[in-house]
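In this note's numbering, the protein residues as written are 76 to 246. Each residue gets a CB set at the ideal place from its N, CA and C atoms; glycine is no exception. Please read the structure below before turning to the comments.
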């Protein structure tokens with residue numbers, strides 16, 4: 076009696092497993108000629124990496140660093156950043172053509188890439204599509220003052236707009 080129950084249970088489980096595999100396989104392909112509903116739109120592709128309008132060598136050097144939340148504080152913050160040149164933030168040249176900077180909440184700097192986007196914005200961040208969660212957007216750059224903002228909303232709230240003022244003339 077026990078063996079009959081056991082074999083029936085195994086048989087039922089085998090049928091359920093076979094149906095699951097069969098139905099799972101059916102959803103992995105479609106026959107457009109037999110389908111009466113319109114095809115679902117595909118997900119938008121990831122934006123391809125484009126060259127940035129800023130070259131890494133334009134950022135390498137010593138920078139005074141400060142930040143602001145309120146746009147009205149920008150001019151005052153630039154002055155505060157320049158005063159930080161006594162203890163400058165150093166942006167180094169990376170070994171793979173990027174720049175060495177810190178990511179949000181990371182104690183150790185790492186090589187980051189300068190990435191352009193189809194919308195014309197520039198980003199600084201790890202390899203990947205422009206505008207990723209760990210990237211910072213370049214708000215403005217005139218060769219002397221660089222202003223960035225983190226893409227991640229939490230990091231952007233905590234760090235604000237980061238103002239980098241070049242400490243010495245470029246060599």
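For residue 223, the first and last residue of its enclosing alpha helix (DSSP H): Unbroken run through residue 223 is the beta strand (DSSP E), 220-225; no alpha helix (DSSP H).
DSSP beta-bridge partners of residue 234: Its beta-bridge partners do not exist; DSSP assigns none.
Minimum length 3: unbroken beta strand (DSSP E) runs contained in the segment 118-192: 136-143, 164-168, 174-176, 185-191
Burial state of residue 170, where buried means 16 or more other Cβ atoms lie within 10 Å: exposed
Outcome for residue 118 when other beta-carbon atoms lying within 10 angstroms are tallied against a minimum of 16: Legend: pLDDT at residue 118 = 41, less than 50; position of this residue unreliable, value from coordinates given subsequently. Residue 118 should be labelled exposed.
Environment of residue 141 [buried if 16+ CB atoms lie within 10 Å]: buried
Burial state of residue 200 (16 or more Cβ within 10 Å): buried
Cβ pair residue 164, residue 238 closer than 8 Å: no
Neighbourhood of residue 231 by C-beta, 7 Å cutoff - its chain only, sequence neighbours within 5 removed: 224, 225
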